[in-house]
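First comes the structure, then the notes that go with it.
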Amino acid sequence: MAQKSKDNTQWDIVITPKANVLALDWKELWRYRDMYLLFVLRSFRVAYKQTILGPLWFLITPVLSVIVYVAVFGGIANIPTDGIPPVLFYLLGISLWGYFASCLSSTSNSFVTNADIFGKVYFPRVIMPLVAVTVNLLSFAIQLGIFFVFYIYYAATGADVFIRWQVVFFPVLILILALFSVGVGMIVSSFTTKYRDLQIVFAKVISLWVYITPVIYPMSMVTNPKLHLAMSLNPVTPVIEAAKYSLLGAGEFSWSWLAYSLLMTVIVLFIGVMIFNKVQKSFMDTV
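Okay, so the sequence shown: first residue is 5 according to our numbering, each after it adds one.
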């Protein structure tokens, strides 16, 4: 519906800053769904446009990582995997952590990376974090497919792996990882518009974060009660352990710790949306 400005000029759409920093205009997001899909396709094309192997890197990257992990952590360091074949243990952990870290990295650079686009055309800025989650979800699905190929092989050869009924909550676990990464990424992205060196600092944080998350080792290896508690306070830990328990039959599945992860996700996402909406009003002046 057309609206009149002070000089009686009629406009079909009037763009104004949101008064409520917690507001998410879902109708507006739906109107821009075509742009969202275009950004998803663009992200795929740009990522592999000038590469020889193209999307095959989705397959090659986790496989190479698993080979290194098995050789170094399994062969040299002799880190146990709770009786699970090391390939399955590391592949699942790498896929889950890779999805979380990729969403976190992409979202945390939303403002800086897309500054040129934001300065030329209007669309809901929150679309970019959603694009990051979607693109990384597709790559995660491919890697999860690789995991199940190896899973079928090891199950057929008599390996002690089995799927528990809690696997029905696996999509919820992925959703928690996605939303938590978006919340943290929004907070970091809002601050990096003014303080660029935070990008470097946060990249280091992500690279170190994996070591306090049971990706390359099982939580059963952490026998010190205080250290076990400290690591469980990492919201990603209960999610990854629950995923291992659901798909591999090993690990820890704790409803209380998963409730904690969900609560932290809601709080961080709440803060992230609030800061993101506040910063997007004037970020073009500082980016």
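Think of the CB as a built atom: it goes at the ideal place given N, C-alpha and C, for glycine as much as any other residue.
Quiz item: From what residue to what residue does the alpha helix (DSSP H) around SER265 run?
Solution: 259-283
Quiz item: Which residues bound the alpha helix (DSSP H) around SER106?
Solution: 90-112
Quiz item: Do you know how far the Cα of ASP38 is from the Cα of TYR158?
Solution: 42 Å
Self-check item: Beta-carbon proximity list for ILE180, same chain, < 7 Å, skipping 5 on both sides
Solution: VAL243, SER265, LEU266, THR269
Quiz item: What do you reckon, are the CB atoms on ILE220 and GLY102 nearer than 8 Å?
Solution: no
Quiz item: Considering only residues of the same chain and omitting the five flanking positions on each side of THR290, which have a CB-CB separation below 7 Å?
Solution: Its pLDDT being 49, under 50, THR290 is placed unreliably by the model, and nothing is read from it.
Exercise. Can you tell me which of the three DSSP states ASN140 falls into?
Key: helix
Quiz item: DSSP state of GLU32, grouped into three classes?
Solution: helix
Self-check item: Closest Cα partner of THR65 within the set ILE210, SER99, ASP164, PRO133
Solution: SER99
Exercise. Could you pull out every residue in the same chain whose Cβ sits closer than 6 Å to the Cβ of GLY187, ignoring the five residues on either side in sequence?
Key: VAL272, LEU273, GLY276
Quiz item: Can you tell which of PHE48, TRP61, THR85, LEU95 has its C-alpha closest to the C-alpha of ILE71?
Solution: LEU95
Self-check item: Under 8 Å between C-beta atoms of PHE48 and VAL91
Solution: no
Exercise. Could you say if the stretch 132-144 and the stretch 159-171 meet the contact criterion of at least three C-beta pairs nearer than 8 Å?
Key: no
Quiz item: Residue range of the alpha helix (DSSP H) that VAL192 falls in?
Solution: 174-196
Exercise. Keeping to the same chain, check which residues put their C-beta closer than 7 Å to that of VAL139; ignore five residues upstream and five downstream.
Key: VAL44, SER47, PHE48
Quiz item: What's the gap between the Cα of LYS282 and the Cα of PHE195?
Solution: 11 Å
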